[in-house]
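In our numbering, the protein residues as written are 415 to 763. Structure record follows, encoded as structure tokens.
Written as structure tokens, this is what we have:
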């Protein structure tokens, strides 16, 4: 899914198209609308293997919903959480489920071009279709995608499970401000919790493409890590198959600078190993308190860990292998990393 640039938490989300001679970098001076507009206009000139799917266009609200408003005779809006590239996100309560909290995404892109808005709607609905397929305890549940009619106009909403807790970005920032960093034990536990989630996603033929501290939450109810924000997820592989490289038909690359590996950012190549790279980058950031750009050589893409970073030889080897500049030098699956982590734990015991 094509993403907006977001500098929240001090991180910069970027998008790049690299299709033969066409290449566009999105930086802080570019808008989401410019990116998606150029992407869509460019894709119009490419030959399509199948006819584009027809969708019923919906309207876009000019202003956010207010607290207390009820959608679809079921969801009461509590507060506005944020406004991203595709729309607004609200905290709401489900009147049909004993006022249980949920998250509602409203399709409200900051775009003007009608064709581009239509394309964005296709992507929004496609995200819902992918989320519907995912059934895992550490992934927010998808509840429904619905159209709400108000004053003879239809508006589009996506409903998801509300996860109570904090992102690892928030946790890390709080610790770093106190001069504290995450411990090796904590990071090992994080890896043990997240690797089965990635193994499950990859077995479905899906690549997350946007793993980072702000897309991982520590759920307060059970202290388990939860993977969130599937707006960039890519359905590139045959379910059950884990190729070293899966490339989108348009060669579109998205990710967060420093967390996405070079082949993902430069060529649009993604696979299990690209998500594993991002997970290792997340681990290093939490261990060091430094941004990826402070640790990566911009020419060789080699990671240089601080000399004062005390890690066991096995964990250091695992993380550096996951962060290898060359995809062929990395682990090819979450299962391989799980086995290596298990061996590391056994030796430590």
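Even for Gly, the Cβ is constructed at its ideal location relative to N, Cα and C.
Checklist line | Beta-carbon spacing of residue 491, residue 482 below 9 Å | finding: yes
Item checked: Inter-residue Cα distance where the pair is residue 602 and residue 538 -> 35 Å
Checklist line | Cβ-based neighbour list, residue 568, same chain, cut-off 8 Å, excluding 5 preceding and 5 following | finding: 470, 472, 473, 561, 562
Next item on the list: Please determine, among 714, 638, 701, 642, the residue with the shortest C-alpha to C-alpha distance to residue 677.
Entry: 714
Check: Are the Cβ atoms of residue 556 and residue 574 separated by less than 9 Å?
Finding: yes
Note to self: On the criterion of 16 or more Cβ atoms from any shown chain inside 10 Å, does residue 624 qualify as buried, or is it exposed?
What the structure shows: buried
Notebook entry, point to check: If you drop the 5 nearest sequence neighbours on each side, which residues of the same chain put their C-beta closer than 8 Å to that of residue 661?
Noted result: With a pLDDT of 44 at residue 661, under the threshold of 50, the predicted position of this residue should be treated as unreliable, though the coordinate-derived value follows. Cβ within range, chain order: 650, 681, 682, 683, 684.
Note to self: Give me, in chain order, the residues of the same chain whose beta-carbon lies closer than 7 Å to that of residue 744; leave out the 5 immediate sequence neighbours on both sides.
What the structure shows: 687, 690, 691, 735, 736, 738
Check: Which residue's Cα is closest to the Cα of residue 520: 549, 546, 489?
Finding: 489
Margin query: Tell me the rounded alpha-carbon separation between residue 752 and residue 609.
Written below: 7 Å
Check: How long is the line joining the alpha carbons of residue 598 and residue 716, rounded to whole angstroms?
Finding: 21 Å
Checklist line | Contact belief for residue 613 with residue 749 at Cβ below 8 Å, rounded distance in angstroms | finding: 6 Å
Check: For the candidate residues 746, 705, 724, 480, whose alpha-carbon lies nearest to that of residue 621?
Finding: 746
Note to self: Taking the beta strand (DSSP E) that residue 613 belongs to, which residues open and close that run?
What the structure shows: Premise fails: residue 613 lies in the alpha helix (DSSP H), 598 to 617, not in any beta strand (DSSP E).
Next item on the list: Please determine if the segment 517 to 531 and the segment 501 to 509 are in contact, where contact requires at least 3 C-beta pairs separated by less than 8 Å.
Entry: yes
Next item on the list: Would you list, in sequence order, the uninterrupted beta strand (DSSP E) runs of no fewer than 3 residues that lie entirely inside the segment 503 to 541?
Entry: 514 to 521
Notebook entry, point to check: Just curious, the beta strand (DSSP E) that residue 639 is in, first and last residue?
Noted result: 639 to 641
Note to self: On the criterion of 16 or more Cβ atoms from any shown chain inside 10 Å, does residue 722 qualify as buried, or is it exposed?
What the structure shows: exposed
Check: For the candidate residues 627, 672, 696, 558, whose alpha-carbon lies nearest to that of residue 733?
Finding: 696
Notebook entry, point to check: Roughly how many angstroms separate the alpha carbons of residue 741 and residue 675, rounded to a whole number?
Noted result: 9 Å
Checklist line | Contact belief for residue 766 with residue 554 at Cβ below 8 Å, rounded distance in angstroms | finding: The requested residue 766 does not occur in the structure, where the chain is confined to residues 415 to 763.
Margin query: I need the straight-line Cα distance from residue 637 to residue 702, nearest angstrom please.
Written below: 22 Å
Check: DSSP three-state call for residue 721: helix, strand or coil?
Finding: coil
Next item on the list: Have a look at residue 611 and residue 756 and give me their C-alpha separation to the nearest angstrom.
Entry: 16 Å
Item checked: Short Cβ contact (9 Å threshold) for residue 548 with residue 582 -> no
Margin query: Give me the DSSP bridge partner(s) of residue 631.
Written below: 581, 640
Notebook entry, point to check: What distance in whole Å lies between the Cβ atoms of residue 705 and residue 672, which are believed to be in contact at a cut-off of 8 Å?
Noted result: 6 Å
Next item on the list: Below 8 Å on the Cβ atoms is my guess for residue 642 versus residue 577; work out the distance and round it to an integer in Å.
Entry: 7 Å
Notebook entry, point to check: Can you give the Cα-Cα distance for residue 754 and residue 531, rounded to whole angstroms?
Noted result: 45 Å
Checklist line | Option nearest residue 513 by Cα separation, candidates 533, 710, 487 | finding: 487
Checklist line | Expected contact under 8 Å - CB spacing of residue 698 and residue 719 to nearest Å | finding: 7 Å
Next item on the list: Between the Cα of residue 544 and those of 646, 634, 724, spot the shortest distance and give me the residue it belongs to.
Entry: 646
Note to self: Strictly by DSSP, which residues pair up with residue 620?
What the structure shows: 649
Notebook entry, point to check: Could you give the distance in angstroms between the alpha-carbon of residue 627 and the alpha-carbon of residue 633?
Noted result: 14 Å
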